[in-house]
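Here the structure is laid out as structure tokens; the discussion comes afterwards.
Chains as they are written, first to last, in this note's numbering: chain A, 7 to 206; chain B, 7 to 206.
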């Protein structure tokens, strides 16, 4: 019995979006499932003293070029959205609700929300956009958003974020394979070797 | 007539060391030469507000694990040295002297100095260690170190560092292929496609 690949992401993280387009086929090649773990990178950035990539002098300019080139390299549709980055609390809370109450819709929602932001350029920090994407996914959007705003669900996201930091998740995408951590799209080849041949 | 691959590095940068072990065969596969450009990352870090990877909370712990795993993935001997990071002014100045006065020894010196630090664990911030590595390379160590300390050579390194920052080099290894920037060992596959098939 193998354990699932754990995939930590933030909906505003462009490299998380790129990874989200690659992780399912990769996992399938190695007979693994994927557990999607939404988190909020802002909280981790406070601990590590980092900030959004595009806001860092020198590195920011490069990262915009790198992102677009990575997307072309992988063959994934992509544009850098504006505004960027955006808050993803409503998106992440909605994701948790679906995972709890309507799990078959959770992964389709994740893909649609990433595409809404990084392909269609819609501002996913807005409740109205999250509502639309929930509806497009086939969920009861109003009910999900109402459940997302419940104190218990807010607490659940807070606990998930705290747990991610406790596990050392300082950026995204961040993966665990049998507790081995892999950070970044560019570690997928190493993760794939790990899955294929075991620890190296 | 093709242009050389430009390779910016700092002798205390472990990913630069890993790249230094891979760049020559990569360049040869595409009939390119390599121009080695020593720099001092500390100056770039002041501009970008970054600091040494291993000193960043959360990211530091991961980076030590990632470095060791990357080295195993690439099949390159490696250990994280102590102390780490170290100052590399004397090393970089000596490299510039060799590149100017005895260019056939410059690349062998670069490889030996990286190995001294990341394989043998010698403290390359010490003038005595740089002296030894120069001698092992077959250089007139005392003459190189004397030339390295000349005001004109100090200015040459300062100009090289300033130029690297002006070109956007915020970390290392950092490469340019026909002015296209690539940062990190993990961008070597993209650089290789660029070299093989042209811009994508």
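All C-beta atoms, glycine included, are put in the ideal place defined by N, C-alpha and C. Being a predicted model, the structure only gives us computed values, none of them experimental.
Would residue i count as contacting chain A if we go by Cβ distances under 8 angstroms?
i: residue 183 of chain B; result: no
i: residue 64 of chain B; result: yes
i: residue 35 of chain B; result: no
i: residue 68 of chain B; result: yes
i: residue 174 of chain B; result: yes
i: residue 187 of chain B; result: yes
i: residue 204 of chain B; result: no
i: residue 118 of chain B; result: no
i: residue 54 of chain B; result: yes
i: residue 4 of chain B; result: A question about residue 4 of chain B goes unanswered here, because the residues of chain B that appear run from 7 up to 206.
i: residue 71 of chain B; result: yes
Between residue i and residue j, what straight-line distance do the alpha-carbon atoms span, to the nearest angstrom?
i: residue 135 of chain B; j: residue 60 of chain B; result: 23 angstroms
i: residue 177 of chain B; j: residue 187 of chain B; result: 11 angstroms
i: residue 109 of chain A; j: residue 139 of chain A; result: 16 angstroms
i: residue 57 of chain A; j: residue 100 of chain B; result: 36 angstroms
i: residue 43 of chain A; j: residue 161 of chain B; result: 51 angstroms
i: residue 194 of chain B; j: residue 156 of chain A; result: 47 angstroms
i: residue 14 of chain B; j: residue 8 of chain A; result: 42 angstroms
i: residue 133 of chain B; j: residue 166 of chain B; result: 21 angstroms
i: residue 122 of chain B; j: residue 89 of chain B; result: 13 angstroms
i: residue 70 of chain A; j: residue 198 of chain B; result: 20 angstroms
i: residue 184 of chain B; j: residue 168 of chain B; result: 20 angstroms
i: residue 68 of chain A; j: residue 196 of chain A; result: 24 angstroms
i: residue 107 of chain B; j: residue 16 of chain A; result: 52 angstroms
i: residue 203 of chain A; j: residue 204 of chain B; result: 33 angstroms
i: residue 36 of chain A; j: residue 180 of chain A; result: 18 angstroms
i: residue 29 of chain B; j: residue 189 of chain A; result: 23 angstroms
i: residue 152 of chain A; j: residue 173 of chain A; result: 30 angstroms
i: residue 87 of chain B; j: residue 87 of chain A; result: 41 angstroms
Between the options, which has its C-alpha nearest residue i's C-alpha?
i: residue 141 of chain A; options: A:17, A:73, A:119, A:196; result: A:119
i: residue 200 of chain A; options: B:79, B:14, B:38; result: B:79
i: residue 150 of chain B; options: B:97, B:183, B:185, B:114; result: B:97
i: residue 131 of chain A; options: A:166, A:92, A:45; result: A:92
i: residue 54 of chain B; options: A:53, A:63, A:46; result: A:63
i: residue 94 of chain B; options: B:164, B:46, B:179, B:173; result: B:46
i: residue 18 of chain B; options: B:38, B:170, B:128; result: B:128
i: residue 50 of chain A; options: A:164, A:107, A:148; result: A:164
i: residue 22 of chain B; options: B:159, B:36, B:106, B:175; result: B:175
Residues in its own chain within less than 6 angstroms of residue i by CB, not counting five upstream and five downstream?
i: residue 33 of chain A; result: 11, 40
i: residue 73 of chain A; result: 20
i: residue 182 of chain A; result: 12
i: residue 147 of chain A; result: 137, 140, 141
i: residue 143 of chain A; result: 111, 114, 115, 118
Between which residues of its own chain and residue i is the CB-CB distance below 7 angstroms, once the five residues before and five after are set aside?
i: residue 76 of chain A; result: 24, 191
i: residue 104 of chain A; result: 111, 112, 115, 145, 150
i: residue 82 of chain A; result: 24, 27
i: residue 65 of chain A; result: 59
i: residue 117 of chain A; result: 26
i: residue 38 of chain B; result: 8, 10, 11, 201
Output needed for residue i: all residues of its chain with C-beta closer than 8 angstroms, excluding positions within five of it in sequence on either side, in chain order.
i: residue 125 of chain A; result: 83, 84, 85
i: residue 171 of chain B; result: 49, 50, 53
i: residue 102 of chain A; result: 44, 154, 159, 162, 163, 166
i: residue 206 of chain B; result: 199, 200
i: residue 6 of chain A; result: Because chain A here runs from 7 to 206, residue 6 of chain A falls outside it and cannot be looked at.
Shorter than 8 angstroms from the beta carbon of residue i to some beta carbon of chain B?
i: residue 126 of chain A; result: no
i: residue 156 of chain A; result: no
i: residue 85 of chain A; result: no
i: residue 77 of chain A; result: no
i: residue 192 of chain A; result: yes
i: residue 50 of chain A; result: yes
i: residue 196 of chain A; result: yes
i: residue 199 of chain A; result: yes
Flag residue i as yes if its beta-carbon sits less than 8 angstroms from any beta-carbon of chain C, otherwise no.
i: residue 55 of chain B; result: Protein chains A and B are contained in the structure displayed, whereas chain C is not.
Check your understanding: Whole alpha helix (DSSP H) runs in the region 98–145 of chain A with 4 or more residues, listed along the chain?
Key -> 112–124, 133–143
**Study point:** Entirely enclosed beta strand (DSSP E) segments - the region 35–76 of chain B, minimum 3 residues
**Key:** 40–44
Point to revise | Contiguous beta strand (DSSP E) assignments of at least 3 residues, all confined to the region 147–190 of chain A | key: Fully enclosed beta strand (DSSP E) runs of 3 or longer: 180–183, 186–189.
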